[in-house]
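For what it's worth, the numbering used here labels the leading residue of the sequence shown as 12, then goes sequentially. Below you'll find the structure, written out as structure tokens, and then a few comments.
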Amino acid sequence: MAVLDIVTFPDPRLRQPTITVQEIDEGIRALVRDLTDTMYAHDGAGIAAIQVGRPERIFLVDGRVATGDPKADPVVFINPEIVETGGGVVGDDEGCLSFPGVFVEVRRPRRAKVRATDLDGRTFEIEGEGLLGRALQHEFDHLEGRLLIDMVGFVKKEMIRRRLKRWYAEQGRAPAAAL
Ligand SMILES: [Zn+2]
């Protein structure tokens with residue numbers, strides 16, 4: 012178990028191609044444990060493997076967000092696909108562990124249904140709206156290399172860059188690429 016470093020925008024690793032998980036072995040189980048620790052340590056509602064620099068098509072959604080039960084374990088999505096979206100398009104504030112300190116309104120379909128494989132190799136489906144619908148789409152986007160900043164217009168893109176520049180300055184770190 013370990014809390015891993017989060018890859019933050021504009022690190023090009025967030026855009027790397029992802030790979031389908033062929034076998035759920037001990038390496039994948041260990042990765043999921045680390046993702047769980049990392050998501051909780053950073054108080055995230057979800058996390059994708061690519062956010063810790065791993066290319067496997069895996070994401071997690073916080074158990075409370077996914078099921079409504081505050082004691083529920085995170086739900087693990089392996090090789091997920093979006094089955095459908097609907098319910099009209101709605102805007103709401105969204106954050107991302109790879110965009111620390113950024114909250115920005117993103118417009119998305121209200122509802123999403125995702126099919127995935129769980130850690131036992133079984134196929135399951137989850138459908139949600141509101142925060143869950145948004146989290147499912149946001150985390151799936153990570154596996155496609157699509158990020159928060161791609162979903163907003165020019166003015167918000169500039170705001171995101173300004174906030175991140177400030178965050179990197181506060182951390183005494185340089186971004187991995189020009190912001
Ligand atoms: Zn994210």
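Every residue, glycine too, gets a C-beta built ideally from N, C-alpha and C.
Is H149 a contact residue of ligand 1, with contact defined as CB to any heavy atom under 7 Å?
yes
From I93, P85, I89, pick the residue whose C-alpha is nearest to that of D131; which is it?
I89
Nearer than 7 Å: is that true of the beta carbon of L108 relative to any heavy atom of ligand 1?
yes
Where DSSP assigns a beta bridge to A146, which residues make up the other side?
A146 pairs with nothing; no bridge assigned.
Beta carbon of R26, beta carbon of L154: below 8 Å?
no
Do M50 and P91 have their CB atoms nearer than 8 Å?
no
Taking 8 Å as the threshold, find out whether the segment 138-154 comes into contact with the segment 62-76 through three or more Cβ pairs.
Here the segment 138-154 makes contact with the segment 62-76; the two share three or more CB pairs at distances below 8 Å.
Whose CA, out of F151, E34, V14, A41, lies closest to the CA of A59?
Distances from the alpha-carbon of A59 to those of F151, E34, V14, A41 put F151 closest.
Among A52, L46, D103, D104, the one whose alpha carbon lies nearest that of L71
L46
At a cut of 8 Å, does the segment 105-123 reach the segment 27-44 through at least three beta carbon pairs?
no
With three or more beta-carbon pairs closer than 8 Å as the criterion, would you say the segment 15-22 touches the segment 181-188?
yes
Could you tell me how far apart the beta carbons of V100 and P120 are, in whole angstroms, since I believe they sit closer than 8 Å?
6 Å
Can you find the residues in the same chain that come closer than 7 Å, C-beta to C-beta, to G98, ignoring five residues on each side of it along the sequence?
P120, R121, R122, E140
With 16 as the cutoff for other CB atoms within 10 Å, does I61 come out buried or exposed?
buried
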